[in-house]
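Working notes, structure below.
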Amino acid sequence: MHGDEAKFLQSIGGFLGAYYLVLALMNGIMAFYLWHKRHENALALVWLGVGLLFVVISPLALSGNPELMHWVSVPAAVRDFIDNRLANAVMYSVGTLGGLIVLYLGRRFFVRPMAAWTLWNVSLLFMGLSITDAEFAAIVTKPDNVPIVGMVFLLGFFTWLATYQAVRNDERAARGEGPHEALHNEKVLVWPDLVYTEMICMVALTAILILWAIGLQAPLEEPASAVKTPNPSKAPWYFLGLQEMLVYFDPWMAGVVLPSLVIFGLMAIPFLDFNRQGNGYYTINQRKFAYLVFQFGFLEIWVTLIILGTFLRGPNWNFFGPYEYWDAHKVEALNNIDLSQYFWIKGLGRGLPKADGGAGFGTQLAYILLREAPGILLVLGYFVVMPPVMAMTVFRKYFVRMGFIRFMVMTNLLLMMALLPLKMVLRWTLNMKYIISIPEYFLNL
Amino acid sequence: MPATEQTWRDQKLLHVVFAVTGLLMLLSTVWMFAADHRREWKQHQRTIRGVEGRSTQWRLAQEQASANWAEHERISGELLQAKGEALPAGLLSQFQDEVQRDAQQRGIAAYDFTAIDRLNATVGELAQAAAEKRAAARKAAQQREEAEQAYVAVLQEVDAAQAGPRAAREVAESKQAAAEQVVAAARAAAQAAEQDALAAEAAAAAKRGQLLGRLHAIVRAARFREDSALGERKFKAADFDAARATLGLAIRDGRSADPVQKEVDVIKQQLDRLTLAYQHSAAHRNRLQDLSQQMTSREQQLRKELEANQEEAARLADALQERQATYFTSAAPFLGKKWLELPILDAFNSPLKIDNLWTKNLTIANGSFGQVRRFDRCTTCHRLIAKTAAGSAVDPAYPAARELVLLLQTPASRPQGQRDEAGRLVEPTLESVYGIQVAEAGLVNPDEVTVRHVAPGSAAALAQVQAEDTTPGLVADGFRVGDVIRLVNQDKVLSGDQLGQFLLETATWGRPLRLTVRRGLPQPYTAHPRLDLFVGSLSPHPLATMACTVCHEGQGSATTFKWASHTPNDLAQEAAWARDLGWFNNHHWIYPMFPQRFAESACLKCHHEVTELKPSNRFPDPPAPKLTAGFELVRDYGCYGCHEINGYAGKDRRLGPDLRLEPNYSAAAQAIAADPGFDRLDALQQQWVRELIQHPWQDEVRHRLSEFLQLDADAEAPTLQPATARKMVDVLKDVEIPGRLRKVGPSLRHVGVKLDAAFLYDWIREPGNFRPSTRMPRFFGLWDHLQGQERKLAERYEPIEILGIVTYLLDRSQPYSPGDSPRAIAPSSPDAQVARGKLLFETRGCLACHAHVDFPAASSTFGPELSSLGDKFRGSDGLDAQQWLSSWLRDPTRYSPRTRMPNLYLEPIVQPDGTATDPAEDISAYLLSGSRGWQPPADTRVRLSSEDEVALDELALEHLKSAFFIDDAHSYLEHGIPAELGSGLKGGEIELVGSADQRRKLLYVGSKTIVKYGCHGCHDIPGFEDAKPIGTAIADWGRKDPARLAFEHISHYVEEHPAHGPAVDAGDHQGEGSLDESFYHGRLADHDRVGFLWQKLKEPRSYDYQANANKSYNERLRMPRFPFDPHAREAVMTFVLGLVAEPPATEFVYQPSPRREAENVGVRVLEDFNCTGCHILEGERWQIEFQPGEIRPQPEVATYPFLSTHVSPERLAASQEADVYRGRLSATLHGMPAVDDTTGRPLVLDEEGDPIEEGVTYDPATLQYPLELWEPAVLNGQVYEVGVLPLSIFGSMIRQKYPAQGGDLVRLLYTRAVELARADNPNAKATEAWGWLPPPLLGEGNKVQTEWLYSFLRDPHPIRPAVLMRMPRFNLAPDDATALANYFAARSDAAYPYEFDPRTTAGHLAAAEANYRQALTQVPSGERPPGPGRLDHAMRIVVDSNYCVKCHLLGDFQPEGSNLAKAPNLAEVHRRLRPDWVRNWIANPKRYLPYTPMPVNIPYDPQAPHLGGVSQQLFHGTSVEQLDGLVDLLMNFSVFTERGVSFQSLVGTSPGGGETGPPADREESDPN
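Sequences listed follow chains X and P, in order.
The numbering of the first sequence is numbering that gives the first Met the number 0, which starts it at 0 and goes up by one.
The numbering of the second sequence is numbering that gives the first Met the number 0, which starts it at 0 and goes up by one.
Encoded structure:
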């Protein structure tokens, strides 16, 4: 990007100065709260210090001067490192998964308010330091993306809140107490407890929508044209996870089969769930399997993919680092091959089985099936062999409690879900394009 | 658990939260309304209302203050007087008689008129008194004026006395006191007298009103009687109808009809009586009414005049009413509309509204929605875009803001206070001193000091616009209402008071002040420029049908500045927009507005031929100068040779401009002629080939030849080489819509006979080296973007490539025979030859197209500059250079059949000493003597070094590798391509078949290089007859997706190599140019196609910067660099950006009438052959402004009635309308400056009318520029005819001069021709030199017959013996000649292509003859002219030595004297000229060609017997009849001469047919 750096910094300075002031104020309030309500003076001092730090940063950011802004930016070396080393699908997927695992394992630490507050500050500071980068700012401040940024923080907050309550309940359970929610089980009044709050919410929501409409106008883009699609062509944000799946699957799979199964699976949960614990209150320990499966499915292979699709996928659906210029000329080699080619060409050193040109439908079909036999066998094996194996090994207890049908449904759903990470790993490691590839009938897996 | 009163949440907290959210909601709602109220377009619309309201008010006041208003005062005064006049006695008595007659008829007592008579007498007395008082008032006013003047004189005395002795001062002061008293008394007296007069007039009017009231009462009574009579009659008529019906029923029922019939009869009688009574009363009333109206006729007339006078003011007042938005209407307490503009209310039904302009059938390609109708909202903010100034259909009411400097004359001394009527001293004001009133608030910005009124004729109204500020006719002198005064001298004006201080106190008295003024309004409050062309309802592009975005692009549906995709015109504007208006570059809208500098690009959408965008009679200011310049550059530099611009998509669909090469038929035929088998063809086939070489448009011949070639190629023993034949069959194929452009470069088919290797090498390497002005672009040595290895490669390979081309061209050059030079040429010394050649070069018209250092005044760039031809041909080893050049001059098409160089008919000239010289030889000797010392540079490579040989091998291998496998390529490079592969090869590989020695390799590389660089796009090169253009087709480049342009690393290049610009040309980095650079760099950084194109034209190869490392040598960019300066570059860009291939619906595409079409096509041919180099097509056009009476009326000249110019009364009236501010008239004159009779230079006279002298400085405003009118002009209500006397125009009157169209050569040679003529004949008149030079072609279409013109153009023959040079024969195709012939006819509005001449019909001649003979019988036989008939007598005029034959040739007759005095052959007239023109011409030649020496031979004099004319002895009849007889003779000349020749007697006497036709048909030899 050859834009005028100074001009950009000038334009962002005002916002950034205010942003840091808000952060300072936020920490000041926290310090005041700790000192006044909780009398934790040492902590209060720490956050006061952090607040003061933000006060110092604010005028630097406000100046819009490249020299000064340099000090409140992510160092170029770090940015380059992130762009060049970390910014690829493998690192991203593995990294997010690792992060989630760390958060899960360390949940007792992370649910502590001060730890959360620190994380909150760090993430906001990260935003602030990054936004001095024109490319980062261009993506984050795009009117389409601003609400998504907001939602990322909202999601983090609510995930933290739920985990916090779950951990607290688990601790109570460990101590033999009932869940925290049980302490407040009186009935409440429709008025004012329900209706009044609903009305307040309505009013607030309307006001926010109006302000949003005035302040952040809808971006006007070029007229839709079937012959000239925008680059990158992006689905609405909530479908970007699905769009990411298109990288690994045939459109038919990623666009139809898997989404349907997601819905089907969500509908099936009540019928599959036999665990009577955890009703009406938050818990992790009592429903570890359900919790992990859901969080993996939601956070890892849905939310992180949306974030990936929104912020890190640029022209030609290439992966771009957060500080990288979205250059439409960036080219990535896509040399993926099918399993059948692995088997026949690389493994057996012969060409793919192919029917003669004039062969009848049956012959052709037979040849196709022969060609794809390894993949078909593998997939069949995956879906047919795995469930009994699982029933006999790790899921023994489950099989016993659920019965054949429910168990088969659940395992198949799980296997389906696991297809995505499996396929991702296969792609990264073996450049696997399709396990079964029958383009003749638009059937690819 | 039981319910408790306990709530889950804290109620107080909830209330607080609720309060906060409620407040938030309120605030956001208020903010929403505020944001709505403050929407950009609403603010603009509110401003516009204010601007319109106030400026209309000011203009109304200005209008009322103007001369028009004085007229109004006069009329109202007269009206008042007319109202007080006594009724005419005669009419009154008629009235009385009528009343009495009626009374008598009705049988009542006579009406008593005494009171009325008395009243009328009183009115008469009062009127008399009023008239006397009025006279007294006038006298008093005069006295007051005198007293005032005296007082002023006294004041001056007082001033003078201030410095003098005290006594004198006292005397003066006492005088002043006395004078003051006198003035005061005179003023009081005048005022009193005026009031008296007014009172008396009012009294008379009142009395007369009474009187009229009485009369009207009588009329009303008559009317009443008439109405009642009519009523009675109506009732009776109804009774009559009923009675008749009853009668009918009775008859039907068979009852007795008689009683009923009786009743009917009675009623009928009564009805008749009533009808009569009604008719009488009606007639009576009509008469009375008539009479009373006649009595007040003068009053009514004046009322009408008053209304007409107030029309404009009334219109302005209405407009004001309409514009003003108020809180209360004039009929208060009703609410006005302004309430609806208040915040919040304006969100609902506001009068401020978004304008939607829906265009009919104009669509926009809107992505997946396909073509959708455009709708533009631009006028929401640009509301005043189509507003015209009051009283004009085309002048913008609110022009775009521009700064002017006005020179305001200050009084001689500091202005003193004036005394008012009461004698008090009043301080001087801006109004009293300068005539300016300043408004309290500006129109758009309240702080601006804005002029709200200019007193007519005041210093402010007469302030001059500083000369350098005047742009063509756009800026009027004097202050105007609405002008914003920004600076006085250099000081900023911040308020009206400050202006007063500058103008009334601190000015240097007597010296003009420089006031910097902003005239017009800023955007978006302006009207569109050129409302005559655009947007205006009378323009070709009215707003209602075209709207905005179809031309301007941009997002029409947007209502804010930034979303409308405005595009800044430069960086400063971009920065200002980004700062003030939130502008940003919206990549998402793919149709951003054209920046102002490319606004003309849009014209190409509909104006595909471009020529129609040139200045025309209707639009004399060029409508799209940049675009036409760009088009001409693209055409002249031959861009289409590589980049085809195909204007068609299939036969019936036109996309845009069509610039394509013509089919290569001529080249194909030449290639066949060079085939070894050509000589074996039979004579007919050879003839076909020769025919096609010279006349490629001969389709029939081409088809035959093509069929023959096909057969021959397939034959067992082919005559021609089969490969050639097959190739040429392809080339000779029909093309659906053939291109029409010739290759711009010269043919290289025979280049070997002309140039040597060294010259070619240097020329190809760097054409500017030999000829800096050449249009040939530079292909080699463009290395600025190359570094290191990449550059080394270019340095090594390029010489080899050039040498390859040279080798190929010389090797393939076809033989050429120069033709025979004329015999019997006496040898003469080289110096004499050069001297003769130089004169011939100058006078034979070469300078019309070519420049030469010996003639610095000639600057034509149509042909190459010829100063140093000697250098060019020095090393020529083919033919002798002299021989080649002479043969070229003699017949250019012999060497190059498609050249545009004409055949100049350079036939041998017989010198005074009797020897003959060959002008072609002389001119070539002269040209070859020219040298600038050019030498082939030292590094010119004619032989290869060993290093070069390696490079040659590498390069050849590089080419071979792209055609063959690598191993084969190596082997072929070593041993040549095996012969058996030969037949399958196409392209340059053929060169290597058989062997691969060094020459073969060079030929191979040369041939490949020619294809690579596309040399065949501009030059005819043997072997490339079938080659296609190598560049991208650019018919839709203006829409090319920037994503498909390879920007590569260009931003780095321009950022890191800012110094690369100057290497291109100096103009790039001067002034405006450097600003352009940065603008385009910005566009480049934005990956905009505009930036791409700029850089591509500037440094075409620079996109290879750092991109070559991974490219093979032949993949590098190939576009050459053209010698364009930044302006040319922008012009070319304007054209290319307009190539969008998106024609709108057919009805919008420019479809001229057949005549306009003929003109447009003709203009194209005119330009192709540079006709305007020699001929003037239109004289100069001057726009002048003058005071009435400043230009003397023309002397009355008696002339034939049919010659006087008819001008509509409206036009006459319009020419008398003075402007509101300064009372000046304006007019447009067409003509040429009158020339000095001895030198031939344009005359300039000083104030006294004496010629100006050198070395003396004159005030340009006082100089006179005599103008010879070439078209009649209308000045101040009078017609000024052509050919009477030159008009003396003062410099101060000239607002704008437009140059003549064409005729550069004439202007260049005019004085020279005079000089040459005066060398022979010192008395030669310079004014006649027009007749010795190529004639101006004004009204040519009315003059000559189209058919004659056509054949003349195809094969010109000499007409005027006096001319220095004769019309050359151009290499015109028949279509070109037709186009030109039609062009002239269409331009003159003459009949074409067929004309009918009733004069040549036998009936006409017979009837005229009979009449003539009849008339002759009245004449005594002795006085009759001898000879049998009318035409014989007419012939007597012709052959009378005083008249025609004194100068004109007639058949084989030549008058005596020098050629300069001789005139065209009269025997030719009937074939050449149109009869009406001949009649008018003979009647008064100067009216058509003001410079002609031909006199009026048949004078017209309405007083004289026979209306003047020539002697009755020659021809009997009036001058008109004589004229007719003469014209009939000339137009029937062949018939007339045939009558006298008995062919009967000739038959048999002349062996073998002999001479045919009468002598008149013979052409005389070249006069030169």
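Even for Gly, the Cβ is constructed at its ideal location relative to N, Cα and C.
The structure presented is a predicted model; accordingly, all values stated were derived computationally and were not measured.
- In the same chain as Arg1210 (chain P), and ignoring 5 residues on each side of it, the C-beta atoms closer than 7 angstroms to its own belong to Val1273, in chain order.
- Taken through DSSP and simplified to helix, strand or coil, Ile589 (chain P) comes out as coil.
- Annotated as proximal: Thr860 (chain P) and Ser772 (chain P), with beta-carbon spacing under 8 angstroms.
- Shown here for Lys1342 (chain P): same chain residues with a beta carbon closer than 7 angstroms to its own, the five before and five after excluded, namely Leu1472, Arg1473 and Trp1476 in chain order.
- DSSP places Ser1510 (chain P) in the coil class of the three-state scheme, outside both helix and strand.
- Boundaries of the beta strand (DSSP E) around Thr358 (chain P): Leu356 to Ala364.
- Residues of chain P with a Cβ closer than 7 angstroms to the Cβ of Glu39 (chain X) do not exist, since the nearest Cβ in that chain sits about 24 angstroms away.
- Under the three-state reduction of DSSP output, Tyr524 (chain P) falls in the coil class, being neither helix nor strand.
- DSSP, read as helix, strand or coil, puts Thr387 (chain P) in strand.
- Nearest CB-CB separation between Glu323 (chain X) and chain P: not below the 8 angstroms threshold.
- Taking C-beta atoms as the reference points, Arg1353 (chain P) and Leu1371 (chain P) count as a pair closer than 8 angstroms.
- Proximity to Gln370 (chain P) across P:Gly803, P:Ala1144, P:Gly1188 and P:Gln684 peaks at P:Ala1144, based on C-alpha coordinates.
- In the structure shown, the three-state DSSP call for Arg1155 (chain P) is helix.
- Collapsing the DSSP output to three states places Leu846 (chain P) in a helix.
- Annotation: Cβ neighbours of Val187 (chain X) in chain P (cutoff 8 angstroms, chain order): Thr6 and Trp7.
- Under the 8 angstroms criterion on CB atoms, Asp143 (chain X) is classed as non-interfacial with respect to chain P.
- Residue contact with chain P for Ala225 (chain X): present (Cβ-Cβ distance below 8 angstroms to some residue of chain P).
- In the structure shown, Tyr1079 (chain P) falls within a helical segment according to DSSP collapsed to helix, strand and coil.
- For His784 (chain P), there is no enclosing beta strand (DSSP E), as DSSP gives it neither H nor E.
- Under the Cβ criterion of 8 angstroms, Phe368 (chain P) is counted among the residues facing chain X.
- For Thr158 (chain X), the enclosing alpha helix (DSSP H) covers residues Val145 to Ala173.
- Look at the region 580–603 of chain P: the residues with a C-beta under 9 angstroms from a C-beta of chain X are Asn585, His586, His587, Trp588 and Ile589.
- In chain order, Ile199, Val202, Ala203 and Ala206 make up the part of chain X whose C-beta sits under 8 angstroms from the C-beta of Thr20 (chain P).
- Ranked by Cα distance from Ala167 (chain P), the first of P:Glu156, P:Ala176 and P:Glu953 is P:Glu156.
- For Tyr280 (chain X), the nearest beta carbon of chain P is not closer than 8 angstroms to its own beta carbon.
- With fewer than 16 other CB atoms across the displayed protein chains lying within 10 angstroms of its CB, Arg1538 (chain P) is exposed.
- Ser1214 (chain P) and Tyr1279 (chain P) have their C-alpha atoms some 12 angstroms from each other.
- Listed in chain order, the non-local C-beta contacts of Pro935 (chain P) below 6 angstroms within the same chain comprise Ala757 and Asp761, local neighbours out to five positions each way being set aside.
- Counting along the chain, no alpha helix (DSSP H) covers Gln1277 (chain P); the unbroken beta strand (DSSP E) around it starts and ends at Gln1277 to Tyr1279.
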